Amino acid sequence: MRDANGERVRVSIDGRTLEVPDGSTVAAALAISAGIAGTRTSVSGMPRTALCGMGICQECRVTIDGCAHMLACQTLCRDGQMIETTAPH
16 MRDANGERVR VSIDGRTLEV PDGSTVAAAL AISAGIAGTR TSVSGMPRTA LCGMGICQEC
76 RVTIDGCAHM LACQTLCRDG QMIETTAPH
(Lines of atoms letter the chains of each structure in order from A and count residues from 1; the text may use other names and numbers.)
(Lines give C-alpha, C1' and ligand atoms only; values in the text may rest on other atoms or scores of the structure.)
Protein backbone atom coordinates (compact mmCIF):
# COMPACT_ATOMS: atom_id res chain seq x y z
CA MET A 1 0.00 0.00 0.00
CA ARG A 2 1.41 3.40 -0.85
CA ASP A 3 0.32 6.19 1.45
CA ALA A 4 3.53 8.17 1.81
CA ASN A 5 1.69 11.41 1.06
CA GLY A 6 -1.17 10.62 3.46
CA GLU A 7 -3.79 10.92 0.73
CA ARG A 8 -7.00 8.97 1.08
CA VAL A 9 -9.72 7.91 -1.34
CA ARG A 10 -13.40 7.45 -0.63
CA VAL A 11 -15.15 4.26 -1.70
CA SER A 12 -18.63 2.87 -1.12
CA ILE A 13 -18.91 -0.72 0.12
CA ASP A 14 -22.46 -2.06 -0.01
CA GLY A 15 -23.75 1.51 0.35
CA ARG A 16 -21.45 2.48 3.24
CA THR A 17 -18.81 5.17 2.61
CA LEU A 18 -15.27 4.41 3.72
CA GLU A 19 -11.99 6.34 3.41
CA VAL A 20 -8.88 4.25 2.78
CA PRO A 21 -5.24 5.13 2.09
CA ASP A 22 -4.51 5.89 -1.57
CA GLY A 23 -3.07 2.74 -3.15
CA SER A 24 -5.15 0.30 -1.09
CA THR A 25 -6.59 -2.74 -2.81
CA VAL A 26 -10.32 -3.35 -2.65
CA ALA A 27 -9.55 -6.44 -0.52
CA ALA A 28 -7.70 -4.20 1.97
CA ALA A 29 -10.66 -1.80 2.03
CA LEU A 30 -12.96 -4.71 2.81
CA ALA A 31 -10.67 -5.81 5.64
CA ILE A 32 -10.54 -2.24 7.01
CA SER A 33 -14.32 -1.93 6.87
CA ALA A 34 -15.87 -3.14 10.11
CA GLY A 35 -18.81 -5.48 9.65
CA ILE A 36 -17.83 -7.00 6.31
CA ALA A 37 -17.60 -10.74 6.94
CA GLY A 38 -16.49 -11.57 3.41
CA THR A 39 -16.96 -10.74 -0.23
CA ARG A 40 -19.60 -13.30 -1.17
CA THR A 41 -21.26 -16.46 0.11
CA SER A 42 -20.78 -20.10 -0.80
CA VAL A 43 -23.60 -22.33 -2.03
CA SER A 44 -24.25 -23.29 1.61
CA GLY A 45 -24.43 -19.61 2.66
CA MET A 46 -21.05 -19.43 4.41
CA PRO A 47 -19.04 -16.20 3.95
CA ARG A 48 -16.08 -16.30 1.54
CA THR A 49 -13.21 -13.83 1.39
CA ALA A 50 -9.74 -13.27 -0.06
CA LEU A 51 -7.51 -16.29 0.44
CA CYS A 52 -4.44 -16.23 -1.81
CA GLY A 53 -4.02 -12.47 -2.26
CA MET A 54 -2.78 -12.88 -5.83
CA GLY A 55 -5.93 -13.57 -7.87
CA ILE A 56 -5.57 -17.33 -8.30
CA CYS A 57 -8.30 -18.56 -5.93
CA GLN A 58 -10.90 -15.96 -7.04
CA GLU A 59 -12.51 -16.08 -3.58
CA CYS A 60 -12.44 -12.27 -3.40
CA ARG A 61 -14.77 -11.62 -6.36
CA VAL A 62 -16.92 -8.50 -5.99
CA THR A 63 -18.89 -6.16 -8.23
CA ILE A 64 -17.08 -2.86 -8.83
CA ASP A 65 -18.89 0.02 -10.51
CA GLY A 66 -21.41 -2.46 -11.95
CA CYS A 67 -18.79 -4.86 -13.34
CA ALA A 68 -19.24 -8.31 -11.75
CA HIS A 69 -16.54 -10.84 -10.84
CA MET A 70 -13.74 -8.33 -10.27
CA LEU A 71 -10.89 -9.58 -8.08
CA ALA A 72 -10.72 -7.43 -4.94
CA CYS A 73 -7.13 -8.46 -4.21
CA GLN A 74 -5.96 -7.26 -7.64
CA THR A 75 -7.96 -4.03 -7.91
CA LEU A 76 -6.81 -0.70 -6.47
CA CYS A 77 -9.38 1.58 -4.86
CA ARG A 78 -10.30 4.74 -6.76
CA ASP A 79 -12.08 7.77 -5.37
CA GLY A 80 -15.84 7.36 -5.80
CA GLN A 81 -15.68 3.63 -6.49
CA MET A 82 -18.84 1.59 -5.80
CA ILE A 83 -18.05 -1.88 -4.41
CA GLU A 84 -20.77 -4.49 -3.91
CA THR A 85 -20.40 -7.79 -2.11
CA THR A 86 -22.94 -10.57 -1.73
CA ALA A 87 -21.77 -11.44 1.78
CA PRO A 88 -24.22 -11.02 4.66
CA HIS A 89 -23.57 -8.09 7.01
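Under this note's numbering, the first residue of the sequence shown carries the number 16, and numbering increases by one thereafter. Even for Gly, the Cβ is constructed at its ideal location relative to N, Cα and C. These numbers were taken from a predicted model, which means no experiment stands behind them.
C-alpha gap between residue i and residue j, whole angstroms
i   : j   : result
G81 : S57 : 21 Å
V35 : S59 : 32 Å
T32 : S39 : 15 Å
G95 : M61 : 29 Å
D37 : N20 : 9 Å
H84 : E74 : 10 Å
G30 : I47 : 15 Å
L45 : E22 : 18 Å
T78 : L66 : 18 Å
R25 : A43 : 13 Å
Contact set for residue i: own chain, Cβ-Cβ below 7 Å, skip 5 residues either direction
i   : result
R55 : R63, R76, T100, T101, A102
G70 : L86, C88, Q89
Residue j beta carbon less than 7 Å from that of residue i
i  : j   : result
C3 : V41 : It is not possible to answer for residue 3, since the shown part of the chain is limited to 16 through 104.
Contact set for residue i: own chain, Cβ-Cβ below 6 Å, skip 5 residues either direction
i   : result
M97 : S27, D80
G68 : C88
beta-carbon residue i near the ligand MN non-hydrogen atom, thresh 6 Å
i   : result
G38 : Summarising the ligand content, the structure contains no ligands, and the ligand MN is consequently not present.
Residue(s) in a DSSP beta bridge with residue i
i   : result
V41 : None; V41 has no bridge partner.
E34 : R25
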